[in-house]
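Okay, so the sequence shown: first residue is 1059 according to my numbering, each after it adds one.
Notes follow once the structure below has been shown.
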Amino acid sequence: MGLMRAGYQPFPLSNRNSPAGIAHLIKEMKVTHIITTGDHSTQQLLAASVDVLESEGVRLCCISLPRFGDELIKPSQSFKRCPVSVRAKPDDAALILHSSGSTTFPKPVISTHRMLIERGRAFMFGDMDFCGHVMSTHSVPMYHAMGSTATIWTAATGLAISGFGPDSPIATPSPEQVLFEARATESSVMICVPSYLESWALTDTDVKALKVFSAILSPDLDTILVPEGEDRVFRLVLAPSDIHAFPFTNSRVNGRDVYDTNDLLEQHPVNPHLYRLYGRSDDQLMHSTGEKTSPVPIENILTQHPKVRHAVMFGRGRFHAGVIIEPTPECSINPLELTEVARFMDEIEYILVKANKFAPAHSKIFKEMVLIADPKRPLEYTPKGTPKRGSILQAYAKEIDDAYMAFEESSALDVALPESWTPAYSLELARAVVKKALPDAHDIQNDADIFQLGCDSLHATRIHNTLVQYLRRFAVDVASVPRHFVYMNPTIERLAQFLSHIANAGVDTGTARHASPDDGLTSKISQMTDLVSKYTSHASTATGGSGVHAADEVIEEVVLLTGSTGGLGAFVLEALLTNPDIKGVYALNRKGADPKETLQSRQTRSFEWNGIDVRLLGSPQLTLVEADVTQADLGISAALYEELRTRVTCIIHNAWKVDFNLSLLSMEPLIAGTRHLVDLALASPHAATPKFIFVSSVGVFSNADATKLGPIPEEPVLDPSVSVGTGYSESKWVTETMLHTLAQRTALRPTVVRLGQLCGGRNGHWRASEWFPAIVCSGAMVGSLPILHGDASWLPTHVAAAALVEMRTSSETFLNLQHPQPVPMASIMGLMSSLINVPLVPFETWVAALEAKEGVRKGIVANNGQNSPALQLLEFFRASLRGNEDSSLALQTPDMAIQRAMLSAPTLSRQRSLTTKEMERWVAYWNSLGY
């Protein structure tokens, strides 16, 4: 809608197209700019498409889509209203979509403003008023007509649409996720494809859940059923009416201009009012996913093989396609002789690969879905020499059904069943299954997310079916295996762990165990302690302190910092560059989502947002390095690694992924990365190993009873159970414990610094997506702010950064970092109330107001939630309310002892309580963002 407002025509492209298909669409419509997400598979597709375009002399400007939460307007910038665009005419192009690409290349489909208005009017008639309802669009992509049209409906009817939250990498939706999210957002209307209904129909719980949704068929549609020549089969034709004007018609029936859908319906043999989809009169295959396959072009490629007489594709109403191949007469094959079939399949494999490269992703043919025609039942042909598709599919109906059933139980792998199911076998099996399902993905790492390597719902189904078949053959009861465990375990490593748990639970007759590997406190603790052992077991091989440099030799102080583009990291970098004692700084950061954006530009943007002087980035002391600490060599050259090894005297490890949805296993690469940095420190030639500062979090106490905890001591956490909860908190405990253990076994000199709540820096920059800014920024929309008691020991980000840098000289192993002069929450909330002019109400009243506000449906508002960031955290606020008998103490973080920290960082001792001026800067910053 924003692009239309600016006078452009949006053209969403399906990432299921081939690079050649995307290049064709871009050239056809003379596209000049393309906006893409930063996930791996999309970037690969974009690069391949750009290569095709550049080989033909076409240049394209690629723009990276901003991530959700990125501040697009700098506080220093003044707002400029978009100029009024040229007034569009009704028949001007407004939106461009494209066909499925099953026939040759996908074709652009242009919608005019008149067409969009007609689509918006469609729901103004019928038996349901959509205003105020929430429509689930979780299963439809924006490049599909249903996805883009839903946006038009919101503007025309007052309908709200619900979808998945912003995520990167982008998750592949499953039926289970779609129904869960639709219910969580209290959607009352849903758009979905038949395959989802088939999946939900398998369980009574899902069937009951579907009762809240509405099915709409306008009684005012003028439908005409045209006999198709077969018993009880009709072609569906729609005629315009007074309240349903069509943008165009494509046929005439009974003297009337009509729109022929080419859909064939079969009438029920007993109840004449019931019909089911029979097929397509134009031979298109409509899969149960809603995707369409045009078989003729794919069949034509297959018949290019000299031993293939003809090919007939099937798959109508099925999840994916298959094909019946009739060999030439001189190459007659007995389909019952497996040796002959295997030899023939080897001979035609290259042409099948060629056809699959041409076909869109949903039309690809697996080898298991190739049927060889029986010479005793040759294919029937018309007088023109073309196959009689209907009679052929009817004649081979049993073989087709058998093929789909066999595919669901497919296990054609060179992996034999073991005598005992070991973790090593699970890894071997998971790797073989994934590799077979994703033949185009090369060198798949065990910890790589397969959905970022091209795995889609079709591949996931194949992986699921194959693994379940192996479990079943191993005498495992698979009835309780989650239907979507591939989505839940999206890496080879996690699939292997899942399989090990299921297989061993299945053969353990002594105890009953649940199917999920992450269930139970004991299991969580076991994972945590196992990871500590894993990353400390080889500590004795590298003890550090080689003494190559004499103890009295003067060594320049050089610091390696990770995560310098984040909020805290930017201020730490500033503190390092302005410290005269520090002669060199290496700022290590991972590669950004946009491969064309340099680390220099990312660092500059971070400085600008936080109000830091960007001229510091020109310092000769600074070296910006793109690295990957999850690799043993940090993903850098041997020469640079050697430079770091010999120069660095202090490592500040600040980079960490903040995603509370990830499991501990998904966070393991971060733990491994920390160990790689430890190895760098231990390999130092200096008499004393480099100081190692690890930025941890008070979140390691997320599962502790705050009422019994007292001030958190500056000591190691011996009980892992207090950290159980999220992968984030668990990974922090593992890393803290790993460093503490290594300090006892080696010359490593770590200092773990646990951060409390940080607040806005010098310019008030405090991300609106965090819990407190979200409350205040939503105050105007909700009409109130909550009463909160207790104390706030919030430390400004730039102060925390300065303290961290000072702690590099500390000999303490554990330090806590929070403000030494707490401020009563009642004072802060009172000031916020006066600044935005809304009253204070009890916390539970505020939460209820957030839920009940007009237009809100559990996180969905008419303006997409831009003016109410608290809606994004509604479940967090509810959980805080449930966890406290005294609601005014909700959202309190545990208090921490900081005596040692104050001795280590003089900056802390000099801090005064947060001032009204600082708090006003927060509000001014949020106001600059439009709140």
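We put the beta carbon where it would ideally sit given N, CA and C, even for glycine.
Because the structure is a prediction, the values reported are computed rather than measured.
Worksheet item: Counting pairs of beta carbons, one from the region 1780-1798 and one from the region 1894-1901, are three or more of them closer than 8 angstroms?
Response: The region 1894-1901 and the region 1780-1798 do not touch, with fewer than three beta-carbon pairs separated by less than 8 angstroms.
Worksheet item: Using 8 angstroms as the Cβ pair cut-off and three pairs as the minimum, do the region 1483-1492 and the region 1395-1412 touch?
Response: no
Discussion item. I'd like the list of long-range same chain contacts for residue 1856, defined as Cβ closer than 6 angstroms, with 5 residues on each side in sequence excluded.
Written reply: Residue mapping note: residue 1856 aligns to position 798 of the sequence shown, counting from 1. Closer than 6 angstroms at Cβ, skipping near neighbours: 1629, 1819 and 1820.
Practice prompt. State the Cα-Cα distance for the pair residue 1334 and residue 1345, rounded to the nearest angstrom.
Written response: Within the sequence shown, numbered from 1, the residue matching residue 1334 stands at position 276. Within the sequence shown, numbered from 1, the residue matching residue 1345 stands at position 287. Those two C-alpha atoms are separated by around 14 angstroms.
Worksheet item: Near residue 1748, what residues of its chain come up, given a Cβ to Cβ distance below 7 angstroms and the 5 sequence neighbours on each side ignored?
Response: The count along the sequence shown starts at 1 and reaches residue 1748 at position 690. 1706, 1707, 1708, 1709, 1739 and 1742.
Worksheet entry | Residue range of the unbroken alpha helix (DSSP H) whose run includes residue 1212 | The sequence position of residue 1212 within the sequence shown is 154, counting from 1. Note, residue 1212: alpha helix (DSSP H), 1203-1215.
Worksheet item: Over what stretch of residues does the alpha helix (DSSP H) that includes residue 1893 continue unbroken?
Response: The residue labelled residue 1893 in the question sits at position 835 within the sequence shown. Run containing residue 1893: 1883-1894, per the alpha helix (DSSP H) assignment.
Worksheet item: Which first and last residues belong to the alpha helix (DSSP H) in which residue 1544 is found?
Response: Along the sequence shown, read from residue 1 onward, the residue named residue 1544 stands at position 486. Annotation: the continuous alpha helix (DSSP H) that includes residue 1544 extends over 1543-1546.
Fill in: Entirely enclosed alpha helix (DSSP H) segments - the region 1473-1509, minimum 4 residues
Runs of the alpha helix (DSSP H) inside the region 1473-1509: 1481-1495.
Fill in: Three-way DSSP call (helix, strand, coil) for residue 1567 in this model
Here residue 1567 is taken as the residue at index 509 of the sequence shown, counted from 1. Because residue 1567 carries a pLDDT of 30, less than 50, the predicted location of this residue cannot be relied on, and the following value inherits that uncertainty. Coil, per DSSP.
Practice prompt. Starting from residue 1429, follow the beta strand (DSSP E) in both directions and report where the run begins and ends.
Written response: As a first step, residue 1429 is located in the sequence shown; it is residue number 371 there, counting from the start. Note, residue 1429: beta strand (DSSP E), 1428-1430.
Discussion item. Once DSSP output is grouped into helix, strand and coil, what is the label at residue 1281?
Written reply: Counted from its first residue, the sequence shown places residue 1281 at position 223. If DSSP states are grouped into helix, strand and coil, residue 1281 belongs with the strands.
Worksheet item: Distance, Cα to Cα, residue 1592 vs residue 1688?
Response: Locating residue 1592 in the sequence shown gives position 534, counting from the first residue. Locating residue 1688 in the sequence shown gives position 630, counting from the first residue. Their backbone Cα atoms lie some 15 angstroms apart in a straight line.
Worksheet entry | Those runs of the alpha helix (DSSP H) which lie wholly inside the region 1798-1847 and span at least 4 residues | 1829-1835 and 1837-1840
Discussion item. Within 8 angstroms, do at least three Cβ pairs link the region 1847-1854 to the region 1875-1885?
Written reply: yes
Item to complete: Could you spell out the range, first to last residue, of the beta strand (DSSP E) harbouring residue 1874?
Response: For the purposes of this step, residue 1874 is taken as residue 816 along the sequence shown, with counting starting at 1. Unbroken beta strand (DSSP E) run through residue 1874: 1872-1875.
Item to complete: Pull up the distance between the alpha-carbon of residue 1674 and that of residue 1962, whole angstroms please.
Response: Stepping through the sequence shown from its first residue, residue 1674 is reached at position 616. Stepping through the sequence shown from its first residue, residue 1962 is reached at position 904. Cα-Cα distance, rounded: 26 angstroms.
Practice prompt. Go through its chain and collect everything with a Cβ distance to residue 1391's Cβ below 6 angstroms, but skip five positions before and after it.
Written response: Numbered from its first residue, the sequence shown carries residue 1391 at position 333. The residues are 1385, 1398, 1402 and 1430.
Fill in: Residue from 1387, 1704 and 1731 whose Cα sits closest to the Cα of residue 1745
Walking along the sequence shown from the start, residue 1745 turns up at place 687. Ranking the options by Cα distance to residue 1745, first place goes to 1704.
Worksheet item: How about the region 1116-1123 and the region 1089-1098: do they share at least three Cβ pairs that are nearer than 8 angstroms?
Response: yes
Discussion item. Just verifying my parser: in three-state terms, what is the DSSP assignment at residue 1060?
Written reply: In the sequence shown, counting from the first residue as 1, residue 1060 sits at position 2. When DSSP states are grouped into helix, strand and coil, residue 1060 belongs to the helix group.
Worksheet item: What number of angstroms, rounded off, separates the C-alpha of residue 1318 from the C-alpha of residue 1306?
Response: Here residue 1318 is taken as the residue at index 260 of the sequence shown, counted from 1. Here residue 1306 is taken as the residue at index 248 of the sequence shown, counted from 1. Cα to Cα, residue 1318 sits roughly 11 angstroms from residue 1306.
Discussion item. Measuring CB atoms only, is the region 1635-1647 touching the region 1724-1734, in the sense that at least three cross pairs come out at less than 8 angstroms?
Written reply: no
Practice prompt. Would you kindly work out how many angstroms separate the C-alpha atoms of residue 1476 and residue 1491, rounded to a whole number?
Written response: For the purposes of this step, residue 1476 is taken as the residue at position 418 of the sequence shown. For the purposes of this step, residue 1491 is taken as the residue at position 433 of the sequence shown. Cα-Cα distance, rounded: 16 angstroms.
Discussion item. Rounding to the nearest angstrom, what Cα-Cα distance links residue 1360 and residue 1410 in this structure?
Written reply: To locate residue 1360, count along the sequence shown from 1; it is residue 302. To locate residue 1410, count along the sequence shown from 1; it is residue 352. CA-to-CA, the gap between residue 1360 and residue 1410 works out to about 7 angstroms.
Worksheet item: Does any residue of chain D bring its CB to less than 9 angstroms from the CB of residue 1793?
Response: Note that chain D does not occur in the displayed structure, where there is just one protein chain.
Item to complete: Would you mind sorting residue 1358 into buried or exposed? The rule is 16 or more other CB atoms within 10 Å of its CB.
Response: As a first step, residue 1358 must be located in the sequence shown, where it is residue number 300. By the 10 Å Cβ count, residue 1358 comes out exposed.
Discussion item. What does the Cβ neighbour count give for residue 1974, buried or exposed, with the cut at 16 atoms within 10 Å?
Written reply: The count along the sequence shown starts at 1 and reaches residue 1974 at position 916. Counting Cβ neighbours within 10 Å, residue 1974 comes out exposed, since fewer than 16 surround it.
Worksheet entry | Start-end ranges of the beta strand (DSSP E) lying completely within the region 1357-1415, minimum 3 residues | 1366-1372 and 1380-1385
Worksheet item: Measuring CB to CB, does residue 1624 end up less than 9 angstroms from residue 1712?
Response: Position 566 of the sequence shown, counted from the first residue, corresponds to residue 1624. Position 654 of the sequence shown, counted from the first residue, corresponds to residue 1712. The answer is yes: Cβ separation under 9 angstroms.
Practice prompt. Compare the Cα-Cα distances from residue 1830 to each of 1775, 1977, 1785 and 1763 and report the closest residue.
Written response: The residue given as residue 1830 occupies position 772 in the sequence shown. For the residues 1775, 1977, 1785 and 1763, the minimum Cα distance to residue 1830 belongs to 1977.
Practice prompt. Give the single residue among 1682, 1457 and 1418 whose Cα lies nearest to the Cα of residue 1657.
Written response: The count along the sequence shown starts at 1 and reaches residue 1657 at position 599. Residue 1682 is the option with its Cα nearest to residue 1657.
Practice prompt. Can you say whether residue 1115 is buried or exposed, counting buried as having 16 or more other CB atoms within 10 angstroms of its CB?
Written response: Taking the first residue of the sequence shown as 1, we reach residue 1115 at position 57. Residue 1115 is exposed by the Cβ-count criterion.
Worksheet entry | Helix, strand or coil at residue 1085 according to DSSP, with G and I counted as helix | Taking the sequence shown and counting its residues from 1, the one referred to as residue 1085 is at position 27. Correct three-state label for residue 1085: helix.
Fill in: DSSP-derived helix/strand/coil call for residue 1860
For the purposes of this step, residue 1860 is taken as the residue at position 802 of the sequence shown. Helix.
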